[in-house]
Amino acid sequence: MIERNHPKLSVGAQCRLLSIARSSFCYAPQGETTMNLGLMLLIDKQFLDTQF
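Taking UniProt numbering, the leading residue of the sequence shown gets 1, the next gets one more, and so forth.
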(Lines of atoms letter the chains of each structure in order from A and count residues from 1; the text may use other names and numbers.)
(Lines give C-alpha, C1' and ligand atoms only; values in the text may rest on other atoms or scores of the structure.)
Protein backbone atom coordinates (compact mmCIF):
# COMPACT_ATOMS: atom_id res chain seq x y z
CA MET A 1 0.00 0.00 0.00
CA ILE A 2 2.80 2.42 0.90
CA GLU A 3 5.77 2.50 -1.44
CA ARG A 4 9.02 3.30 0.30
CA ASN A 5 10.69 4.28 -2.99
CA HIS A 6 7.85 6.25 -4.57
CA PRO A 7 9.35 8.77 -7.01
CA LYS A 8 7.16 11.72 -5.95
CA LEU A 9 5.59 10.98 -2.55
CA SER A 10 7.60 10.52 0.61
CA VAL A 11 6.55 7.89 3.14
CA GLY A 12 5.30 10.69 5.39
CA ALA A 13 3.14 12.16 2.62
CA GLN A 14 1.68 8.75 1.79
CA CYS A 15 0.86 8.16 5.45
CA ARG A 16 -0.89 11.54 5.65
CA LEU A 17 -2.96 10.69 2.55
CA LEU A 18 -4.00 7.41 4.17
CA SER A 19 -4.65 9.09 7.55
CA ILE A 20 -2.24 6.86 9.44
CA ALA A 21 0.62 7.89 11.70
CA ARG A 22 4.04 7.45 10.14
CA SER A 23 5.20 5.79 13.35
CA SER A 24 2.49 3.15 12.90
CA PHE A 25 3.83 2.33 9.45
CA CYS A 26 7.44 2.14 10.61
CA TYR A 27 6.75 0.26 13.87
CA ALA A 28 8.26 -3.22 14.09
CA PRO A 29 7.11 -5.14 17.18
CA GLN A 30 9.86 -6.48 19.42
CA GLY A 31 9.76 -9.87 21.07
CA GLU A 32 9.71 -10.33 24.82
CA THR A 33 13.03 -10.35 26.64
CA THR A 34 14.20 -13.51 28.40
CA MET A 35 13.90 -11.75 31.74
CA ASN A 36 10.32 -10.67 31.04
CA LEU A 37 9.34 -14.18 29.92
CA GLY A 38 10.80 -15.55 33.15
CA LEU A 39 8.84 -13.04 35.23
CA MET A 40 5.60 -13.87 33.40
CA LEU A 41 6.22 -17.56 34.06
CA LEU A 42 6.68 -16.89 37.79
CA ILE A 43 3.50 -14.79 37.89
CA ASP A 44 1.53 -17.53 36.10
CA LYS A 45 2.90 -20.19 38.46
CA GLN A 46 2.01 -18.11 41.52
CA PHE A 47 -1.47 -17.47 40.17
CA LEU A 48 -2.10 -21.16 39.46
CA ASP A 49 -0.71 -22.22 42.84
CA THR A 50 -3.04 -19.88 44.75
CA GLN A 51 -6.22 -20.64 42.79
CA PHE A 52 -7.08 -23.90 44.49
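Ideal placement from N, C-alpha and C gives every residue a C-beta, glycine not left out. Just so we're clear, the structure is a prediction, and the values are computed from it rather than from any experiment.
Taking the Cβ atom as the reference point for each residue, do residue i and residue j lie within a distance shorter than 7 Å?
i	j	result
Arg4	Cys15	no
Name the residue from the options whose alpha carbon lies nearest to the alpha carbon of residue i.
i	options	result
residue 76	Gly12, Lys45, His6 and Leu42	The requested residue 76 is not part of the displayed model; the chain covers only 1 to 52.
Ile20	Met1, Gln51, Gln46 and Asp49	Met1
Can you give the Cα-Cα distance for residue i and residue j, rounded to whole angstroms?
i	j	result
Thr34	Leu41	11 Å
Leu9	Leu18	12 Å
Ser24	His6	19 Å
Gln51	Ala28	37 Å
What are the boundary residues of the alpha helix (DSSP H) that includes residue i?
i	result
Lys45	Thr34 to Gln51
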